[in-house]
Amino acid sequence: MATRGAFAAAIRSTGLAAMPKRLKIVRVNDKMQRGYRYVLAAPIGRNFDPEFRPELMPKEMLALGVFCGKYMTDCRKEFPASWFAHARLSPSGRDCSLNYFGVDASQPLSVWRDNGWIHHNDPRGWFQWYCRYYMGRRMPQEDARQIKRWKAIRRHVAQIKKHCEPGDQMCRPRQRQALLHWAYDSRTI
Numbered sequence: 003m004a005t006r007g008a009f010a011a012a013i014r015s016t017g018l019a020a021m022p023k024r025l026k027i028v029r030v031n032d033k034m035q036r037g038y039r040y041v042l043a044a045p046i047g048r049n050f051d052p053e054f055r056p057e058l059m060p061k062e063m064l065a066l067g068v069f070c071g072k073y074m075t076d077c078r079k080e081f082p083a084s085w086f087a088h089a090r091l092s093p094s095g096r097d098c099s100l101n102y103f104g105v106d107a108s109q110p111l112s113v114w115r116d117n118g119w120i121h122h123n124d125p126r127g128w129f130q131w132y133c134r135y136y137m138g139r140r141m142p143q144e145d146a147r148q149i150k151r152w153k154a155i156r157r158h159v160a161q162i163k164k165h166c167e168p169g170d171q172m173c174r175p176r177q178r179q180a181l182l183h184w185a186y187d188s189r190t191i
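Residues 3 to 191 (our numbering) make up the sequence shown, in order.
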């Protein structure tokens with residue numbers, strides 16, 4: 003759990019200290035994170051880094067079916083209820099038939115941890131970072147790192163274009179599903 007001094011330092015490091023006092027603070031208490039707080043410094047869905055142009059919003063990704071339906075089932079309070087109105091979620095366990103392409107395209111969280119891809123503020127990984135970024139949280143260093151990772155995934159778009167007929171959604175379904183996990187709309191390739 004972050005101390006009050008660490009939280010204040012985090013706010014100063016984002017340049018938010020000089021901003022109006024009406025910033026919203028989000029408090030997180032779910033199965034993977036207790037006592038975490040963050041500031042919403044940007045309007046929801048706006049003021050993204052110019053290099054970060056996701057094709058899908060978190061709400062759209064959840065409705066399409068991502069992460070075998072087992073993502074964010076215990077942290078709905080943190081995000082708008084509308085995100086979950088049509089979300090394809092599994093209350094019991096992973097169900098990859100809920101994914102848009104019906105295939106498993108994920109690696110276990112342990113692999114993400116072992117490779118150092120998880121930031122301690124986002125223990126669920128990239129999608130949790132994206133959801134919080136979309137909501138308005140800004141952490142300049144971590145944002146830059148995650149945007150760099152997002153841009154690197156684009157190589158899969160080129161592979162699908164090279165090896166698949168346009169519009170053939172059954173060609174390379176795992177790659178297409180993985181792209182959906184990273185907010186690329188692989189249905190249109």
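Just so it is clear, CB atoms sit at the ideal spot from N, CA and C, and this is done for glycine as well. Just so it is clear, the structure is predicted and the values come from calculations on it, not from any experiment.
Anticipated Cβ contact below 8 Å, residue i with residue j, distance rounded
{"i": "L64", "j": "G138", "result": "About 18 Å; that fails the 8 Å criterion."}
{"i": "R174", "j": "I162", "result": "5 Å"}
{"i": "E62", "j": "I149", "result": "Going by Cβ atoms, the distance from E62 to I149 rounds to 19 Å, so no, they are not a contact pair."}
{"i": "L181", "j": "H158", "result": "5 Å"}
{"i": "I46", "j": "Y136", "result": "7 Å"}
{"i": "P125", "j": "Q35", "result": "6 Å"}
{"i": "D76", "j": "D145", "result": "Not quite, the Cβ-Cβ distance comes to about 25 Å (not below 8 Å), so this is no contact."}
{"i": "R2", "j": "A44", "result": "Not covered by the structure: residue 2. The range shown for the chain is 3 to 191."}
Contact set for residue i: own chain, Cβ-Cβ below 6 Å, skip 5 residues either direction
{"i": "R96", "result": "C70, K72"}
{"i": "P22", "result": "Low confidence applies here, because P22 scores a pLDDT of 49, under 50, leaving its location unreliable; read the following figure in that light. Nothing meets the Cβ criterion."}
{"i": "G17", "result": "For G17, the predicted model reports a pLDDT of 49, less than 50, meaning its position is unreliable; a value from the coordinates is still stated below. For G17, where only same-chain residues beyond five positions count, there are no Cβ hits under 6 Å."}
{"i": "V28", "result": "Y40"}
{"i": "R90", "result": "G67, G71, L100"}
{"i": "L58", "result": "A185, D187"}
{"i": "P56", "result": "A185"}
{"i": "Q130", "result": "D124"}
DSSP-derived helix/strand/coil call for residue i
{"i": "K194", "result": "Nothing can be reported for residue 194, as the shown portion of the chain is limited to 3 through 191."}
{"i": "G71", "result": "helix"}
{"i": "Y132", "result": "helix"}
{"i": "R140", "result": "coil"}
{"i": "Q182", "result": "The amino acid occupying residue 182 in the given sequence is Leu; Gln does not appear at that position. Helix at L182."}
{"i": "R24", "result": "coil"}
{"i": "R39", "result": "strand"}
{"i": "R189", "result": "helix"}
{"i": "R29", "result": "strand"}
{"i": "R55", "result": "coil"}
{"i": "M63", "result": "helix"}
{"i": "D145", "result": "helix"}
{"i": "Q192", "result": "This structure cannot settle anything about residue 192, because the visible part of the chain is limited to 3 through 191."}
{"i": "I155", "result": "helix"}
{"i": "Q171", "result": "coil"}
Contact under 8 Å by Cβ, residue i with residue j
{"i": "Q179", "j": "Y102", "result": "yes"}
{"i": "Y186", "j": "N123", "result": "no"}
{"i": "R176", "j": "V105", "result": "yes"}
{"i": "M184", "j": "W152", "result": "It should be noted that the sequence gives Trp, not Met, for residue 184. Yes; because the gap between Cβ atoms is below 8 Å, this pair is in contact."}
{"i": "W85", "j": "P60", "result": "yes"}
7 Å Cβ shell around residue i - same chain, five flanking residues per side excluded
{"i": "A20", "result": "Confidence at A20 is low in this model, with a pLDDT of 47, below 50, so the placement of that residue is unreliable and no value is reported for it."}
{"i": "R189", "result": "Q171"}
Cβ neighbours of residue i in the same chain (closer than 8 Å, five flanking residues each side left out)
{"i": "P93", "result": "T75"}
{"i": "L25", "result": "L18, V41, L42, A43"}
**Q.** alpha helix (DSSP H) segments (min. 4 residues) lying fully within the segment 78-139
**A.** The segment 78-139 contains these whole alpha helix (DSSP H) runs: 111-116, 128-137.
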